[in-house]
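Here the structure comes first, spelled out in structure tokens, and everything after it is commentary.
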Amino acid sequence: MTAIVSIKNLHKHFGNFEALAGIDLNIKKGEVVCIVGPSGSGKSTLIRCINQLEPFDDSSKVKISGVDVRQDETARAEVGMVFQSFNLFPHMTIRQNIVLAPMRVQQLSEQKANAVADELMRRVGIESQADKFPRQLSGGQQQRVAIARALAMGPQVMLFDEPTSALDPEMVGEVLDVMRDLAVSGVTMMVVTHEMGFARQVADRVIFMDAGKIVEAGAPDKIFDNPEHQRTRDFVNAVLQH
Amino acid sequence: MYSSAFRLRDTAAYILALLLLSGSASAAEITVGANVGNVPWEFQDAEGDYVGFEIDLVKEVAAKLDASVEIVNIPFSGLFSAVQSGRIDIAISSITVTDRRLESVAFVQPYYDSAQSLTVDSQSDIASLDDMRDKVVAVDTGSTGDIWTTANTSQYDFAEIRRFEGIVPAMLDVQSGRVDGYISDIPGLEYFIRDKPYFTVVQRIETGERYSMILARGNPLADQVNDVISELKRSGFVAQLHREWFGSEPLPDSSTVSVIDRPLSTSVGGTDAGFVQTFLNWEVLLNSYPLLLSGLSVTLMLGAISIAFGLMLGLFVALVRMYGMRSASIAAKVYIDIFRSIPILVLLIVVYYAPPFAGIELSAFTAAAVALSLVSGAYTAEIFRAGIEAVPSGQFEACHALGLSYRHTMTDVILPQAIRVVIPPLTNNCINVIKDTALASVVAMPDLLKQANQAQALEANPTPLIVAAVMYIALLWPLVIMVGRLEKRFRQEFSQ
Ligand SMILES: Nc1ncnc2c1ncn2[C@@H]1O[C@H](COP(=O)(O)OP(=O)(O)OP(=O)(O)O)[C@@H](O)[C@H]1O
Ligand SMILES: [Mg+2]
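Residue numbers (the numbering used here), protein chains in the order written: chain H, 221 to 462; chain E, 21 to 516.
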């Protein structure tokens, strides 16, 4: 079976600065991968390259279900993305936020798009907020809307870039709960996170990045309890002390 | 070109002065208003000094009264209000004595018998008024030429009357072919074309008009000036001026040589018109109302069209500037910068007067709409750009991640948010465009300001201008209030 996400020799430069220094990574269907690492290590950049928010070097290749993201514009619609800052559309209701892309990109009828939206709003627990505007919701609720909006396109893989970092502590749990449910139900996920507890519990694989490279990857137990590399050990110790 | 630009600025200065109602000049100094450029009566010579038949005359009159003279340049249609408000003591500008004018201002005895004339391009085949059937006539706003032409339009079947603010812009349009003939005072015309063989005066139109100076009603200076003029006629000074400026002897029985009575108003009533009589004259208001309404509709039409085109142009230019290819983006920026730095009045005159020389015919309305749209488009583009840039980049990224096309990203997500930011500045821009339509009067557009000017000259009373001001305010005040409300609402929306 081919990988859902296949990354080969990914290099990314910002001017002369090399933010990604050769990343090779395959993600299987249904796999949940958490990406951890110090600030500036290239985690966000990696995720943003996958759905073409950042261009990358010519020699590199990123494929979604075998389709080169640079060759086929529609490939990015196969990738759902959840941002740290939600990025909901403030002039639209929750329902409108969710149905926009299915109707515009997949040409779903309003009726069908609404059915999809109803199902997803129930799934992330915001069904009673359908006709409110984003600013009327709490941060946790807004992030759950953002998850539903991304899921509405039926993506093959969901990317999360620190989805709980902008939230008040008491709201982190409700978002992680939704993500846990997604993981259990078989959604393929790549999650950049500082929530080590979540990573340990949910991830099939944890990837530790530093200076634009994957230093170490493996099962959560291995990375958190028994890392091979000194850099991984230092990072894990520093994070777990908090 | 520039003379008409300056004239308009003077109109503005004059209106300001009118509103401030500055008091009369001191007795030792006589302030004289004149429509400078009205050859050979009052104009500037090569050194920039004011010269002319009436300048010489008024200076001599002042000298006999032991007073000094200060000349103020005021457009013809503004002279009456300037006298009435006390801003100036005397107005000269080959002003014809009419009963209408006598009701509002005082005249001294006339000193020149005149007539109107039809001037055409020498190459045209118009030989007389009868050839002007279905043709376009140029006149000076509110002048006796205007009055005569308006009264005789049906008799001669003129197609249209275009109103100008002086001989130079009117003659430019005769030359460019936009108008077919110019009806104006004969002495000025003959003097103006004496070195311009490409114009010909084809007909003298007898109107029995006589020129004199005006003062405010009840101003005691009028009798003194009148006495001095009698004296100057007897001494041959006025006849000498005629020889000097026209190169010919005045006719024996003409008002240039014979002493005559001061023309007085035939209507009974107080000699000194009060504030309300002058500025809020009900009768004048009723007379001029239709004219003002037609002006208002032209102003609204021109404003609406310029705003609509400016919006489309501005949005297009903003998008090209932000997302177009490099060369297109640079072109958009150059356009924006140029049209934001060019004064609208200058652009208007260029757009109106330049294309005919390249064989392109633009009507006054089209020229004004083009100029206003171009400038409005430049400002609108910058407003849209600021609005789009105010939308956080996360919004673009979310659209991209959802796979939305560029068009849908713009129409569904970015522009609806940008609109909220841009509506207050856009409304401000609309207000400016509507105000700027008043500048179109320089290219003979019958807009609200132009019609008000014409009406106030015809009535010799400033009430139409006051009414026009009220109309502008009634039109724009709601917009101004709306801007304030919208700004407040969007501020609240975004702060949440
Ligand atoms: N647009 C940009 N221009 C220049 N440099 C950038 C840009 N975006 C990121 N970088 C640099 O690339 C490197 C990787 O950035 P990235 O945002 O991927 O880090 P990260 O691992 O997500 O860090 P954090 O945990 O702080 O989010 C950093 O050194 C950053 O300064
Ligand atoms: Mg990051």
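Heads up, the beta-carbon is just placed ideally off N, CA and C, and yes, glycines get one too.
Next on the checklist: Using a Cβ-based criterion (distance less than 6 angstroms to any ligand heavy atom), does S259(H) qualify as near ligand 1?
Outcome noted: Residue numbering aside, residue 259(H) sits at position 39 when the first sequence is read from its first letter. S259(H) Cβ: within cutoff of ligand 1.
Next on the checklist: Using a Cβ-based criterion (distance less than 6 angstroms to any ligand heavy atom), does G242(H) qualify as near ligand 1?
Outcome noted: The sequence position of residue 242(H) within the first sequence is 22, counting from 1. Result no, Cβ not under 6 angstroms from ligand 1.
Checklist entry - Cα-Cα, which of L387(H), F380(H) and L379(H) is closest to G359(H)? => result Here the question's residue 359(H) lines up with position 139 in the first sequence. Ranking the options by Cα distance to G359(H), first place goes to L387(H).
Checklist entry - Are Y202(E) and T161(E) closer than 7 angstroms when you measure CB to CB? => result On the second sequence, residue 202(E) is found 182 positions in, with the first residue counted as 1. On the second sequence, residue 161(E) is found 141 positions in, with the first residue counted as 1. No, the Cβ-Cβ distance between Y202(E) and T161(E) is not below 7 angstroms.
Checklist entry - In chain E, which residues lie with their C-beta within 9 angstroms of the C-beta of V325(H)? => result Indexing the first sequence from 1 puts residue 325(H) at position 105. Result: L422, G423, L424, S425 and H428.
Checklist entry - What are the uninterrupted segments assigned as beta strand (DSSP E) that are 3 or more residues long and contained completely in the region 102–126 of chain E, given in chain order? => result Runs found: 110–116.
Next on the checklist: To be precise: take each residue of the region 375–388 of chain H, compare its Cβ to all Cβ atoms of chain E, and keep it if any distance is under 7 angstroms. Which residues remain?
Outcome noted: none
Checklist entry - Taking Cβ-Cβ distances shorter than 8 angstroms, what residues in chain H pair up with Q415(E)? => result Translated into positions along the second sequence, residue 415(E) becomes position 395. Result: N307 and F309.
Checklist entry - Looking at the unbroken alpha helix (DSSP H) that takes in V188(E), where does it start and where does it end? => result Residue numbering aside, residue 188(E) sits at position 168 when the second sequence is read from its first letter. Membership of V188(E) in the alpha helix (DSSP H) is indicated by the continuous run I187 to S196.
Checklist entry - Can we count S226(H) as close to ligand 2, meaning its CB is less than 6 angstroms from some heavy atom? => result Looking up residue 226(H) in the first sequence gives position 6. Checking the Cβ of S226(H) against ligand 2 gives no.
Checklist entry - Is it buried or exposed for S46(E), if we count other Cβ within 10 angstroms and need 16 for buried? => result Counting from 1 along the second sequence, the entry for residue 46(E) is found at position 26. Note that S46(E) has pLDDT 43, beneath the 50 cutoff, so the model's placement of it is unreliable and no number is given.
Item to check | Nearest-angstrom Cβ-Cβ length linking A337(H) and I318(H), presumed shorter than 8 angstroms | outcome: Your numbering for residue 337(H) matches position 117 in the first sequence. Your numbering for residue 318(H) matches position 98 in the first sequence. That belief holds up - the Cβ atoms of A337(H) and I318(H) are roughly 4 angstroms apart, short of 8 angstroms.
Checklist entry - Residue range of the alpha helix (DSSP H) that E417(E) falls in? => result Counting from one through the second sequence, the residue named residue 417(E) turns up at place 397. For E417(E), the enclosing alpha helix (DSSP H) begins and ends at S413 to L422.
Next on the checklist: Can you tell me where the alpha helix (DSSP H) holding I255(H) begins and where it ends?
Outcome noted: Locating residue 255(H) in the first sequence gives position 35, counting from the first residue. Unbroken run through I255(H) is the beta strand (DSSP E), V252 to V256; no alpha helix (DSSP H).
Item to check | Buried/exposed call for M332(E), threshold 16 Cβ in 10 Å | outcome: Against the second sequence, residue 332(E) aligns to sequence position 312. Exposed is the call here.
Item to check | Terminal residues of the alpha helix (DSSP H) in which D273(E) lies | outcome: Against the second sequence, residue 273(E) aligns to sequence position 253. D273(E) -> no alpha helix (DSSP H), and no H or E assigned at all.
Checklist entry - Taking buried to mean at least 16 other C-beta atoms within 10 Å of its own C-beta, is T291(E) buried or exposed? => result Against the second sequence, residue 291(E) aligns to sequence position 271. Reliability of the predicted coordinates at T291(E) is poor, the pLDDT of 47 falling under 50, and no value is obtained from them.
Checklist entry - Is the region 413–421 of chain H close to the region 438–452 of chain H, with three or more CB pairs under 8 angstroms? => result yes
Next on the checklist: I believe D359(E) touches L394(E) by the beta-carbon criterion, under 8 angstroms. Please report the beta-carbon distance rounded to the nearest angstrom.
Outcome noted: Translated into the one-based positions of the second sequence, residue 359(E) becomes position 339. Translated into the one-based positions of the second sequence, residue 394(E) becomes position 374. For the sequence presented, residue 359(E) should be read as Phe rather than Asp. About 5 angstroms separates the Cβ atoms of F359(E) and L394(E), confirming a contact at the 8 angstroms cut-off.
Checklist entry - Taking 6 angstroms as the cut-off, is the CB of A239(H) close to at least one heavy atom of ligand 1? => result Taking the first residue of the first sequence as position 1, residue 239(H) is located at position 19. Because some heavy atom of ligand 1 lies under 6 angstroms away, the Cβ of A239(H) counts as near it: yes.
Next on the checklist: Comparing C-alpha positions only, which one of D244(H), G260(H), N446(H) and D351(H) sits nearest to F234(H)?
Outcome noted: The sequence position of residue 234(H) within the first sequence is 14, counting from 1. F234(H) has its Cα closest to that of G260(H), out of D244(H), G260(H), N446(H) and D351(H).
Checklist entry - For I486(E), which option in P436(E), A438(E) and V304(E) has the closest C-alpha, if you only look at C-alpha atoms? => result Position 466 of the second sequence, counting from 1, holds the residue named residue 486(E). Among P436(E), A438(E) and V304(E), the Cα nearest to that of I486(E) belongs to V304(E).
Checklist entry - Looking only at DSSP bridge pairs, what is Y70(E) linked to? => result Within the second sequence, numbered from 1, the residue matching residue 70(E) stands at position 50. Bridge partners of Y70(E): Q64(E).
Next on the checklist: For F73(E), which residues in the same chain have their Cβ closer than 7 angstroms to its Cβ, ignoring the five residues on either side in sequence?
Outcome noted: Sequence index remark: in the second sequence, residue 73(E) carries index 53 (1-based). Taken in chain order, the residues that qualify are P60, W61, L261 and W265.
Checklist entry - Name the chain H residues that come within less than 9 angstroms of P7(E), Cβ to Cβ? => result There is no way to answer for residue 7(E), as the model of chain E reaches only from 21 to 516.
Item to check | Neighbourhood of L241(E) by C-beta, 7 angstroms cutoff - its chain only, sequence neighbours within 5 removed | outcome: The residue given as residue 241(E) occupies position 221 in the second sequence. Result list for L241(E): D109 and L235, in chain order.
Checklist entry - Which same chain residues, not among the five before or five after G43(E), have their C-beta less than 8 angstroms away from its C-beta? => result Taking the second sequence and counting its residues from 1, the one referred to as residue 43(E) is at position 23. Note on G43(E): pLDDT 43, under 50, position unreliable in the model; no value is reported.
Next on the checklist: So the candidates are F510(E), K155(E), P189(E) and R183(E); which of them puts its Cα closest to the Cα of Y176(E)?
Outcome noted: Here residue 176(E) refers to the residue found at position 156 when the second sequence is read from its first residue. Checked all of F510(E), K155(E), P189(E) and R183(E); the closest Cα to Y176(E) is K155(E).
Next on the checklist: Is there a C-beta anywhere in chain H that falls below 7 angstroms from the one on A475(E)?
Outcome noted: Position 455 of the second sequence, counted from the first residue, corresponds to residue 475(E). It does not; no Cβ of chain H falls within 7 angstroms.
Next on the checklist: Would you say the beta carbon of T265(H) is closer than 6 angstroms to some non-hydrogen atom of ligand 4?
Outcome noted: Within the structure as shown, ligand 4 is missing, the only ligands being ligand 1 and ligand 2.
Checklist entry - What whole-angstrom Cβ distance do S137(E) and L209(E) have, given they're in contact under 8 angstroms? => result Sequence index remark: in the second sequence, residue 137(E) carries index 117 (1-based). Sequence index remark: in the second sequence, residue 209(E) carries index 189 (1-based). Correct: roughly 5 angstroms between the Cβ atoms.
Next on the checklist: List, from N- to C-terminal side, the beta strand (DSSP E) runs of 3 residues or more that fit wholly inside the region 366–413 of chain H.
Outcome noted: 377–381 and 409–412
Checklist entry - Does any CB atom of chain H fall closer than 7 angstroms to the CB of V411(E)? => result Reading the second sequence from its first residue, position 391 is the one you call residue 411(E). It does not: the Cβ of V411(E) has no partner Cβ on chain H nearer than 7 angstroms.
Next on the checklist: Alpha carbons only, please: which of T313(H), D401(H), R451(H) and M312(H) is nearest the one belonging to G345(H)?
Outcome noted: Reading the first sequence from its first residue, position 125 is the one you call residue 345(H). Looking at the Cα atoms, D401(H) is the closest of the given residues.
Item to check | Residues of its chain near T265(H), where Cβ-Cβ distance is below 7 angstroms and the 5 sequence neighbours each way are ignored | outcome: Position 45 of the first sequence holds residue 265(H). K232, A239, L240 and E274, listed in sequence order.
Next on the checklist: Please report the straight-line C-alpha distance between E339(H) and S317(E), rounded to a whole angstrom.
Outcome noted: Position 119 of the first sequence, counted from the first residue, corresponds to residue 339(H). Position 297 of the second sequence, counted from the first residue, corresponds to residue 317(E). So the alpha carbons of these two residues sit roughly 56 angstroms apart.
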